[in-house]
Amino acid sequence: MKLFSTMFIISCLTLLACTKKQESTASELIVGTDAAYAPFESETADKTVQGFDIDIIKAIAEKAGFKVKIVNTPWEGLFNQLESGDRDILISAITINEERRKVMDFSEPYFEAVQLIAVPVSSKVTKFDELKSLKVGVQTGTTGDEIASRLLGKSSQNIKRFEGTPLALQELTNGGVDAVVADNGVIDNFLKNNPKTFKTVSDPSFAKEHYGIAVRKGNTSLLKKINEGLQAIKSDGTYDRIHKNYFTEKKN
Ligand code: ARG
9 MKLFSTMFII
19 SCLTLLACTK
29 KQESTASELI
39 VGTDAAYAPF
49 ESETADKTVQ
59 GFDIDIIKAI
69 AEKAGFKVKI
79 VNTPWEGLFN
89 QLESGDRDIL
99 ISAITINEER
109 RKVMDFSEPY
119 FEAVQLIAVP
129 VSSKVTKFDE
139 LKSLKVGVQT
149 GTTGDEIASR
159 LLGKSSQNIK
169 RFEGTPLALQ
179 ELTNGGVDAV
189 VADNGVIDNF
199 LKNNPKTFKT
209 VSDPSFAKEH
219 YGIAVRKGNT
229 SLLKKINEGL
239 QAIKSDGTYD
249 RIHKNYFTEK
259 KN
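Structure below.
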């Protein structure tokens, strides 16, 4: 009788464990993004988050067998939300760098980018160094902020920090700053939709950047799934198909 009840308990526990496992694989992973960054992530009038990054993470999730729920919040809180467990994944045109690697783990790179300078059409600026004594707009805490801070000094009054890149570009259009430094894809996209509002200056001294999908530090099982999914969408043409929908030039 004792043996019988022990066996019963064991099988109950096994059943419970299996159900739990099934539940967690079937449940949604929360993906954080700052959706003011077209064409990578943006919000439609009805609050749907769309863009290159969104299509990429959905395609990866489908291959890797998990579901995603996309949550849009400002850039500045994203890294903390991942660390605290409020988000499982971040995809937000995030450049992989050593400082960020200390607090999160990154997938293999999925996109190549570079900083680009936006200036008024009449501007005489031809290279980054010439921004030294000008008012420069950046999105707070981005790689654009980082390089502008290096050139002008982190606490320079001439660096104008904005919550979003579109706000910085708006300020350039309004004449409140002399230049904006941000990712090429986003500046090019803004200019495409607002022709002749400003012109762009590229500088060969800017290093190549690579976007990565972030997970909590040590979440190796999820990272593995993401990397496998990314590989799968690259080999079967899904990545290229998505890329073509957002970018006309050759893929990176
Ligand atoms: N690539 C830049 C960085 O990692 C800017 C990313 C901003 N992304 C966004 N969705 N606002 O710092």
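Each residue of the sequence shown is one higher than the one before, starting from 9 at the first, in my numbering.
All residues carry an ideal CB built from backbone N, CA and C; glycine is no exception.
These numbers come from a predicted model, not from an experiment.
Practice prompt. Could you check if GLN165 is buried or exposed, using at least 16 other CB atoms within 10 Å of its CB as the buried criterion?
Written response: exposed
Fill in: Coarse secondary structure for PHE114, derived from DSSP in three states
strand
Worksheet item: Beta carbon of GLU49: closer than 7 Å to some heavy atom of the ligand ARG?
Response: Flag set: Cβ of GLU49 near the ligand ARG.
Worksheet item: If we count the other Cβ atoms within 10 Å of its Cβ and call it buried at 16 or more, is GLY237 buried or exposed?
Response: buried
Fill in: Straight-line gap, SER163 to ALA240 (C-alpha atoms, nearest Å)
44 Å
Discussion item. Quick check for students: name the residue ranges of the beta strand (DSSP E) that lie wholly in the region 139-190, counting only runs of 3 or more.
Written reply: 144-147, 167-170
Fill in: Burial state of THR134, where buried means 16 or more other Cβ atoms lie within 10 Å
exposed
Worksheet entry | Reduced DSSP secondary structure (H/G/I, E/B, other) of THR33 | Legend: pLDDT at THR33 = 45, less than 50; position of this residue unreliable, value from coordinates given subsequently. If DSSP states are grouped into helix, strand and coil, THR33 belongs with the helices.
Worksheet entry | Straight-line Cα distance separating PHE60 from ARG249 | 11 Å
Worksheet entry | CA nearest to the CA of LYS242, picked from LEU180, PHE255, PHE119, THR181 | PHE119
Worksheet item: Hey, how far is the Cα of THR246 from the Cα of GLU91?
Response: If you take the alpha carbons of THR246 and GLU91, they lie about 30 Å apart.
Worksheet item: Just the Cα atoms here: how many angstroms apart are ASN192 and ARG108?
Response: 21 Å
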